[in-house]
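Here our numbering is used: position 32 in the sequence shown is 316, and no number is missing along the way.
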Amino acid sequence: MAAVGAVVIGVTLYRNDRIYDLANEVSSELKKVTWPTAKEIRSATTVVIVMTVISAVILGVFDLVWSNLTELVYG
């Protein structure tokens, strides 16, 4: 049943000129994209992970300090 639905939707979209033109434009634009290399992806991923860990540590320290100050004030 799902395959029949997919075929019906595919044929409908294929026959729709606006959708067909849009798909062709998207396809041609994607061919112009300069995709990053595996090395660039690894480098960017490493930066994201390191910055996430640093942010987590900083937020953890702030949380610890504020919880101790709150405990002193309301203790």
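Heads up, the beta-carbon is just placed ideally off N, CA and C, and yes, glycines get one too.
TODO: Would you identify the three-state DSSP class for methionine 285, choosing helix, strand or coil?
DONE: coil
- [ ] For the alpha helix (DSSP H) containing glycine 359, list its first residue and its last residue.
- [x] Where glycine 359 is concerned, there is no enclosing alpha helix (DSSP H), given that its DSSP letter is neither H nor E.
Open item on the list: I need the DSSP call for asparagine 300, collapsed to helix, strand or coil.
Closed with: coil
TODO: Go ahead and pull the three-state DSSP assignment for tryptophan 319.
DONE: coil
Task: asparagine 352 versus isoleucine 338 - alpha carbon distance - done: 21 Å
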